[in-house]
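Asks:
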Amino acid sequence: MRKILLAIYDSFSEFEITVATAMLRGTHQIITVADSLKTITGESGLQFVPHLMYQQVDPTDYDGIIIPGGDLINVKDTMELYDITKTLHEQNKLTAAICSGTYVLARAGVLEGKPYTVTLHQEQRNFLGCFEEENFRYEPVVKSGNVITAQGHAYVDFALAISEKLGALHHSEFTKEFYKGQRNRLMEEGVK
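For what it's worth, full-length UniProt numbering labels the leading residue of the sequence shown as 1, then goes sequentially.
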């Protein structure tokens with residue numbers, strides 16, 4: 001089975017990536033990666049134990065990386081994460097980030113010359129000093145080659161974009177309708 005990395009860190013926003021991981025589970029093994037193997041507490045209080053540390057990752061083994069948002073204080077000095085992200089990007093693999101997680105792509109140099117979105121207001125982007133302001137787009141999801149960025153509220157569209165990019169999106173209309181809370185065709189067929 002193909003594999004994809006999921007960066008996790010204290011305070012990461014689980015809800016931003018659970019739809020994506022659910023959509024990928026049939027085609028990809030999700031490997032969580034962090035700066036240590038200690039238990040990580042997500043934004044909701046749920047706890048996670050990473051599969052690997054950043055130093056244990058061989059980027060050639062993965063189709064890409066997904067980076068959720070959260071409190072940036074917990075990734076601001078994580079050079080290993082930036083290096084892995086940059087290497088995956090250089091290998092033309094998926095680099096996807098949502099909400100404030102887009103900061104990692106910016107710090108890794110992945111966003112240079114590319115349109116992107118991030119859930120940080122202009123003052124925050126300017127303060128962080130790694131975003132090209134002229135390339136910011138206030139859109140739910142922005143795709144540029146193998147780079148996908150999303151606003152935090154667009155987690156379903158983010159998941160759909162990732163799944164489509166990785167060839168994991170089956171029955172696209174059914175999947176879109178289901179995860180957007182519009183309808184469940186399987187239930188409708190059973191009710192008739």
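Even for Gly, the Cβ is constructed at its ideal location relative to N, Cα and C.
On a predicted model such as this, the values are computed, not experimentally measured, just so you know.
Name the DSSP bridge partner or partners of Gly-69?
Replies: According to DSSP, Gly-69 bridges with nothing at all.
Asks: Under DSSP, the alpha helix (DSSP H) around Lys-86 begins and ends at which residues?
Replies: That run of the alpha helix (DSSP H) goes 79 to 90.
Asks: CA-CA distance, His-170 and Lys-38?
Replies: Rounded to the nearest angstrom, the two C-alpha atoms are 35 Å apart.
Asks: I'd like the span of the alpha helix (DSSP H) that includes Ser-100, first residue to last.
Replies: No alpha helix (DSSP H) holds Ser-100; DSSP gives it neither H nor E.
Asks: Got a sec, what are the start and stop residues for the beta strand (DSSP E) Lys-3 sits in?
Replies: 2 to 7 is the span of the beta strand (DSSP E), which, as asked, contains Lys-3.
Asks: Use the C-beta contact count for Leu-81: other C-beta atoms within 10 angstroms, 16 or more gives buried, fewer gives exposed.
Replies: Classification of Leu-81: buried, given that the 10 Å Cβ count is 16 or more.
Asks: According to DSSP, simplified to helix, strand and coil, what is Gly-129?
Replies: Three-state DSSP puts Gly-129 in coil, outside helix and strand.
Asks: Around the C-beta of Lys-93, are 16 or more other C-beta atoms found within 10 angstroms, so that it is buried, or is it exposed?
Replies: Flag for Lys-93 reads buried.
Asks: Could you give the distance in angstroms between the alpha-carbon of His-89 and the alpha-carbon of Pro-115?
Replies: Each residue's Cα considered, the two are about 15 Å apart.
Asks: Just the C-alpha distance for Leu-166 and His-28, rounded to the nearest angstrom, thanks.
Replies: Between Leu-166 and His-28, the C-alpha separation is close to 9 Å.
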